[in-house]
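In terms of the working numbering, the sequence shown opens at residue 277 and continues consecutively.
Below is one structure, written out as structure tokens, with a few remarks after it.
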Amino acid sequence: MRNVVLIPGDGIGSEITNSVTTILEKAGAEINWVEKSAGLKAYEETENPLPDETVEAIEEHRIVLKGPLTTPVGSGFRSVNVALRQKFNLYSNIRPARTLPSIDTPFRGVDMVIFRENTQGLYIGKEHWIEEEDGIKHAESIAVVTEEASRKIIRAAFEYAVKNERKKVTLIHKANILKLTTGLFLEVGKKVAKDYPGIEFQDLIVDNMAMQMVLRPQQFDVVVTTNLFGDILSDLASGLVGGLGVTGAANIGDDAAMFEAVHGSAPDIVGKNVANPMALLFSALMMLEHIDQKKIAENIRKAIYKTLVEKKVYCTPDIGGEGTTSTFTQAVCDNI
């Protein structure tokens, strides 16, 4: 039995986490949930959006399943999500985008996995004001890219490709303009690629990548890039297969991992029983694979696909169904 910290989150968080834990229990997942709080709900209760007891639980158990969080204004955190990633050095943000049955999109046959460096780039928040001249504001933001962090995320992408029998790794950069930061990332990538002669390696400039993704996304397999580019491209990839509501996400470091829904907390539909739990459920499947419960993950995935075939009856309105959170949950349980 594996202890996993469960953070339901804000808004629809409790509804979708209840759905996911119900499905995992039905499938026989060997998990003991350790429920803790973070985000707006935690702030309202403790005046801290990331309570010490939540951090201590993560430090002890090292695995987290997290629903969507709302970061309260003026709490001292830019983002609770960013704080957790940096606190536990979860340097790999992994976002699969795979075509799903019965989800209407312009593209079929998409199956890419984006590896985004999670701790550096512009997201470190090194910003400052320059002294104003003539009343005109001037702000600067500093991006940091190190050889060590670049090597870790790029090697993680190649290791994933080898482990999952993927054929190609594509590195995304802007080294023609950002010659030092993304230039370093590209330089490290070329060196790491030499250690994996069985994996095809290519690099693309980020703007070309964005165009290629909406022309022929099927050409991409494993993609690795820096923080900001990865944030944008992973959302774009989700859009190719149905949106953030149907794609999972993992944040993995050397000795800790957090699996999460990356969509918002959707306060406008709280309590209406129409929240789609698929994104968090796919994140939970990534978690099961990470803790070596792969057979259970595969059984649940097959049940989801079977449920999607009768999408109109069982699934939520956001993906074209006439069902509810409850009908989807029950249908997946019945199909396991």
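C-beta: ideal position from N, C-alpha, C; glycine also.
Per-residue burial, residue i [other beta carbons within 10 Å of its own, 16 or more giving buried]
i, result
"PRO284", "buried"
"GLY465", "buried"
"ILE307", "buried"
"PRO593", "exposed"
"LYS467", "exposed"
"HIS404", "exposed"
"PRO344", "buried"
"ASP531", "exposed"
"ASP544", "exposed"
"LEU491", "exposed"
"LYS570", "exposed"
"ASN440", "exposed"
"GLY304", "exposed"
"ILE453", "exposed"
"GLY315", "buried"
"ASP483", "exposed"
"ALA415", "exposed"
"LEU557", "buried"
"ASP568", "exposed"
For residue i, the three-state DSSP class (helix, strand or coil)
i, result
"VAL585", "helix"
"ALA469", "helix"
"GLY506", "helix"
"LEU456", "coil"
"VAL356", "helix"
"LEU345", "coil"
"LYS548", "coil"
"LEU491", "helix"
"GLU321", "helix"
"SER313", "coil"
"ILE567", "coil"
"ILE612", "coil"
"GLY515", "helix"
"ASN365", "coil"
"THR600", "coil"
"PHE461", "helix"
"GLY540", "coil"
"ASP483", "helix"
"PHE558", "helix"
"VAL607", "A small fix is needed here, since residue 607 is Ala in this sequence, not Val. In this structure, ALA607 counts as helix in the three-state DSSP scheme."
Which residues DSSP lists as bridging residue i, in chain order
i, result
"GLN478", "THR446"
"ASP387", "ARG374"
"THR501", "ARG392"
"ALA526", "ILE370 and PHE535"
"ASN279", "ASN308"
"VAL340", "VAL281 and MET534"
CA nearest to the CA of residue i, picked from the options
i, options, result
"ILE406", "GLN396, SER417, GLY397 and ILE400", "SER417"
"PHE604", "THR583, GLU536 and ALA437", "THR583"
"GLY385", "GLY521, ALA579 and LEU516", "LEU516"
"LYS428", "HIS449, GLN396, ILE580 and LYS413", "GLN396"
"TYR581", "LEU300, GLY599, ASN324 and VAL608", "VAL608"
"GLU336", "ASN357, GLY411 and PHE364", "PHE364"
"ASN503", "THR458, MET485 and ASP471", "THR458"
"PRO473", "GLU435, ASN452 and LEU460", "GLU435"
"GLU476", "VAL498, VAL482, LEU462 and LYS443", "LYS443"
"ILE528", "VAL310, ASN369 and SER295", "ASN369"
"ALA433", "THR298, VAL421, LEU447 and THR346", "LEU447"
"PRO377", "LYS578, MET277 and LYS439", "LYS578"
"ARG338", "LYS450, GLY304, ARG278 and ASP410", "ARG278"
"ILE508", "LYS470, ALA560, PRO553 and HIS449", "HIS449"
"VAL358", "GLY401, GLU320, GLY599 and TYR590", "GLY401"
Span of the alpha helix (DSSP H), counted from its first residue to its last, around residue i
i, result
"MET534", "Note, MET534: premise wrong, no alpha helix (DSSP H); beta strand (DSSP E) at 533 to 536."
"ALA433", "423 to 439"
"ILE595", "Segment: none, ILE595 is in no alpha helix (DSSP H) and carries neither H nor E."
"ALA303", "289 to 303"
Range of the contiguous beta strand (DSSP E) that encloses residue i
i, result
"ILE400", "397 to 409"
"GLU329", "Note, GLU329: premise wrong, no beta strand (DSSP E); alpha helix (DSSP H) at 328 to 337."
"ILE379", "Where ILE379 is concerned, there is no enclosing beta strand (DSSP E), given that its DSSP letter is neither H nor E."
"ILE418", "412 to 420"
Cβ-heavy atom distance, residue i to the ligand GDP, below 6 Å
i, result
"CYS591", "As for the ligand GDP, it is missing from this structure, which has no ligand bound."
Cβ of residue i within 7 Å of any chain D Cβ
i, result
"ILE430", "Absent from the structure is chain D; it holds one protein chain and no more."
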